[in-house]
Amino acid sequence: MRLALTGAATGIGAEVARKAKEQGHEVIAFDITQPSVSVDQYVQVDLSDPTAIANAVNTTQGTFDALINNAGLPPREGLGRKVLEVNYFGLRDMTQAMAPRLNAGGAIVHTASRAGAFWRDNVAQVKALRACSWGDIDAFIQSHDIDDTRAYNLSKEAVIVETIATTEAFLAQGIRVNCVSPAAVSTGILDDFTKAFGPKVAKNIARAGRPGHPSEIADVILYLASAQSAWIKGQDITIDGGMSAMGMTDMMELKG
Numbered sequence: 002m003r004l005a006l007t008g009a010a011t012g013i014g015a016e017v018a019r020k021a022k023e024q025g026h027e028v029i030a031f032d033i034t035q036p037s038v039s040v041d042q043y044v045q046v047d048l049s050d051p052t053a054i055a056n057a058v059n060t061t062q063g064t065f066d067a068l069i070n071n072a073g074l075p076p077r078e079g080l081g082r083k084v085l086e087v088n089y090f091g092l093r094d095m096t097q098a099m100a101p102r103l104n105a106g107g108a109i110v111h112t113a114s115r116a117g118a119f120w121r122d123n124v125a126q127v128k129a130l131r132a133c134s135w136g137d138i139d140a141f142i143q144s145h146d147i148d149d150t151r152a153y154n155l156s157k158e159a160v161i162v163e164t165i166a167t168t169e170a171f172l173a174q175g176i177r178v179n180c181v182s183p184a185a186v187s188t189g190i191l192d193d194f195t196k197a198f199g200p201k202v203a204k205n206i207a208r209a210g211r212p213g214h215p216s217e218i219a220d221v222i223l224y225l226a227s228a229q230s231a232w233i234k235g236q237d238i239t240i241d242g243g244m245s246a247m248g249m250t251d252m253m254e255l256k257g
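Take 2 as the starting number for the sequence shown in my numbering and just add one per residue.
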């Protein structure tokens with residue numbers, strides 16, 4: 002496969018790149034920082050800049066078998082606006098720019114998050130965000146009173162909804178789209194999630210036994226990018242070590 006991968010420099014993205022190369026795939030990496038792992042081409046891009054995204058895609062040649070939108074920023078104080086830009090608007094622009102370059106039978110895989118699990122409860126706000134353009138972001142944040150943590154959750158809710166909402170249109174082009182929703186992965190930004198979401202992060206990790214490993218998320222992403230997952234379409238795959246199941250068990254009193 003020939004893969005276009007955003008966010009390849011660290012964490013889950015670095016593992017996707019490493020494993021893809023081990024499997025013999027060609028990897029074109031898009032990131033603001035050069036990856037430490039070996040890739041076939043590195044394209045520097047700031048995914049908070051729509052012009053930079055268009056220019057970056059134009060520097061590549063040929064077609065691709067998969068687009069993996071993995072780049073994202075964590076729920077960190079002061080990053081709310083940029084989180085929305087990179088995690089949702091940048092992902093959306095990258096997808097729109099790359100879609101015409103994807104081969105028939107190809108795949109798109111977005112990295113969402115378990116933090117986006119409540120998109121149904123917040124679907125009106127998600128729809129309002131999806132109706133925005135880049136120039137509307139500040140007004141949207143103000144009118145919806147979006148703080149830094151909500152910006153992250155909303156960005157990932159929007160990624161899940163984007164996956165579902167674009168499934169039929171991409172299928173008409175012969176392309177599959179899915180997303181993955183990891184929780185508590187042992188990367189350099191795990192502390193950001195602990196600070197943003199408080200003691201429940203430690204509680205969930207303790208119940209699951211450990212945080213996830215980036216390589217475990219990478220395996221699922223590469224599976225969804227491959228022809229082996231040809232009948233999986235429009236799905237959000239949660240990868241959380243059982244955290245969601247245990248939370249549902251508590252909420253619905255299913256034990257016993």
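The beta carbon of each residue, even a glycine, is placed where N, CA and C say it ideally should be.
>> Since Phe-65 and Asn-104 should fall inside the 8 Å C-beta cutoff, what is the C-beta to C-beta distance between them, to a whole number of angstroms?
In response: In the sequence shown, counting from the first residue as 1, residue 65 sits at position 64. In the sequence shown, counting from the first residue as 1, residue 104 sits at position 103. Rounded to whole angstroms, the Cβ separation of Phe-65 and Asn-104 is 7 Å, and the two are in contact under 8 Å.
> Considering only C-alpha positions, which residue in the set Gly-199, Gly-235 and Ile-238 is nearest to Pro-76?
Replying inline: Walking along the sequence shown from the start, residue 76 turns up at place 75. Checking every option, the nearest Cα to that of Pro-76 belongs to Gly-199.
>> Tell me which residues share the same chain as Thr-96 and place their Cβ nearer than 7 Å to its Cβ, disregarding the 5 neighbours each side in the sequence.
In response: As a first step, residue 96 must be located in the sequence shown, where it is residue number 95. Correct list, in chain order: Leu-68, Asn-70 and Ile-109.
>> Here's the rule I'm using: 16 or more other beta-carbon atoms within 10 Å means buried, otherwise exposed. How should Leu-172 be labelled?
In response: Position 171 of the sequence shown holds residue 172. Within 10 angstroms of the beta-carbon of Leu-172 lie fewer than 16 other beta-carbons, which makes it exposed.
> Glu-254 by DSSP, collapsed to three states: which one?
Replying inline: Start at 1 with the first residue of the sequence shown, and residue 254 comes out as number 253. Correct three-state label for Glu-254: coil.
>> Quick check on Ser-187: does DSSP put it in helix, strand or coil?
In response: In the sequence shown, residue 187 corresponds to position 186, counting from 1. In this structure, Ser-187 counts as coil in the three-state DSSP scheme.
>> If the criterion is Cβ atoms closer than 8 Å, does the pair Leu-80 and Asp-146 meet it?
In response: To locate residue 80, count along the sequence shown from 1; it is residue 79. To locate residue 146, count along the sequence shown from 1; it is residue 145. In this structure, Asp-146 does not lie closer than 8 Å to Leu-80 by Cβ.
> Can you check whether the CB of Ala-15 is closer than 8 Å to the CB of Ala-9?
Replying inline: Counting from 1 along the sequence shown, the entry for residue 9 is found at position 8. Counting from 1 along the sequence shown, the entry for residue 15 is found at position 14. In this structure, Ala-15 lies closer than 8 Å to Ala-9 by Cβ.
> To which residues of the same chain is Ser-156 closer than 7 Å at the C-beta, ignoring the five residues directly before and after it?
Replying inline: Locating residue 156 in the sequence shown gives position 155, counting from the first residue. Excluding positions up to five away in sequence, the list reads Val-84, Leu-85, Asn-88 and Tyr-89.
> Is it a yes or a no for the segment 164-180 touching the segment 231-249, going by three-plus beta-carbon pairs under 8 Å?
Replying inline: Three or more Cβ pairs drawn from the segment 164-180 and the segment 231-249 lie within less than 8 Å of each other, which places the two stretches in contact.
> Can we say the segment 236-252 touches the segment 111-121, given the rule of at least three CB pairs closer than 8 Å?
Replying inline: Between the segment 236-252 and the segment 111-121, the count of Cβ pairs shorter than 8 Å is three or higher; the stretches touch.
> By a C-beta neighbour count over all protein chains shown, 10 Å radius and 16 as the cutoff for buried, is Thr-188 buried or exposed?
Replying inline: Translated into positions along the sequence shown, residue 188 becomes position 187. Burial call: buried.
> Expressed to the nearest angstrom, what Euclidean distance is found between the alpha-carbon atoms of Ala-5 and Ala-226?
Replying inline: Taking the sequence shown and counting its residues from 1, the one referred to as residue 5 is at position 4. Taking the sequence shown and counting its residues from 1, the one referred to as residue 226 is at position 225. Cα to Cα, Ala-5 sits roughly 11 Å from Ala-226.
> Could you give the residue range of the beta strand (DSSP E) that holds Glu-78?
Replying inline: Reading the sequence shown from its first residue, position 77 is the one you call residue 78. In the DSSP annotation of this structure, Glu-78 is not part of any beta strand (DSSP E), being labelled neither H nor E.
> Between the beta-carbon of Val-181 and the beta-carbon of Val-221, is there less than 8 Å?
Replying inline: Your numbering for residue 181 matches position 180 in the sequence shown. Your numbering for residue 221 matches position 220 in the sequence shown. Yes; because the gap between Cβ atoms is below 8 Å, this pair is in contact.
>> Using 8 Å for Cβ pairs, my map puts Trp-120 next to Glu-158. What's the rounded Cβ distance?
In response: Walking along the sequence shown from the start, residue 120 turns up at place 119. Walking along the sequence shown from the start, residue 158 turns up at place 157. A Cβ-Cβ separation of about 4 Å places Trp-120 in contact with Glu-158 under the 8 Å criterion.
>> Could you compute how far the alpha carbon of Ala-18 sits from the alpha carbon of Val-46?
In response: Numbered from its first residue, the sequence shown carries residue 18 at position 17. Numbered from its first residue, the sequence shown carries residue 46 at position 45. Rounded to whole angstroms, Ala-18 to Val-46 spans 17 Å at the Cα level.
> Hey, Thr-164 and Val-178: beta-carbon distance below 8 Å or not?
Replying inline: Residue mapping note: residue 164 aligns to position 163 of the sequence shown, counting from 1. Residue mapping note: residue 178 aligns to position 177 of the sequence shown, counting from 1. Yes. Within cutoff.
> Quick one, are the C-beta atoms of Ala-55 and Val-44 less than 8 Å apart?
Replying inline: Within the sequence shown, residue 55 is the residue found at index 54, counting from 1. Within the sequence shown, residue 44 is the residue found at index 43, counting from 1. No; because the gap between Cβ atoms is not below 8 Å, this pair is not in contact.
>> Quick check on the burial criterion: 16 or more other C-beta atoms within 10 angstroms. Buried or exposed for Met-99?
In response: By one-based count along the sequence shown, residue 99 stands at place 98. Answer is buried; the Cβ neighbour count reaches 16.
> In this structure, does DSSP put Thr-60 in helix, strand or coil?
Replying inline: By one-based count along the sequence shown, residue 60 stands at place 59. In this structure, Thr-60 counts as coil in the three-state DSSP scheme.
> Would you report the Cα separation of Gly-136 and Leu-48, rounded to the nearest angstrom?
Replying inline: In the sequence shown, the residue the question calls residue 136 occupies position 135. In the sequence shown, the residue the question calls residue 48 occupies position 47. Roughly 15 Å separates the two Cα atoms.
>> With H, G and I counted as helix, E and B as strand and the rest as coil, what does DSSP make of Gln-24?
In response: Mapped onto the sequence shown, residue 24 falls at position 23. In this structure, Gln-24 counts as coil in the three-state DSSP scheme.
> Where do the ends of the beta strand (DSSP E) carrying Leu-300 lie?
Replying inline: Since the first residue shown for the chain is 2 and the last is 257, residue 300 is missing from the structure and cannot be characterised.
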